[in-house]
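Engineer:
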Amino acid sequence: MNLHLTGQHLVITPAIRDYVTAKLERVTRHFDHVIDVSMVLSVDKLRQKIEATVHLRGKDIHCECVDADMCAAIDG
């Protein structure tokens, strides 16, 4: 699985990368053929947004979450 993390107004630290990777292990348990995952983490004042696109064989899944806390947005 390839992981592409992009930060808008946010520096992707090793701790954030490790947290996202740990949460994405759940996705690989449910889907056998995850090709790659693209995530955009953005911060705009008190609004923190996560957008994720998971590319599977034959399907693409897109989701987004907005929260005041980055960890809650990743969990959401």
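For the sequence shown, our numbering gives the first residue as 60, with consecutive numbering after it.
Idealized CB from N, CA, C, for every residue including glycine.
Can you tell me where the beta strand (DSSP E) holding Thr65 begins and where it ends?
Structural biologist: 61-67
Engineer: So Thr112 and Ser97 are in contact, right, with Cβ under 8 Å, and what is the actual spacing, rounded?
Structural biologist: 5 Å
Engineer: Taking the beta strand (DSSP E) that Arg106 belongs to, which residues open and close that run?
Structural biologist: 106-115
Engineer: Can you check which of these residues, Asp103, Leu105, Glu84, is closest to Asp95 by C-alpha distance?
Structural biologist: Glu84
Engineer: Apart from the five residues on each side of it in sequence, which residues of its chain come closer than 6 Å, Cβ to Cβ, to His63?
Structural biologist: Ser97
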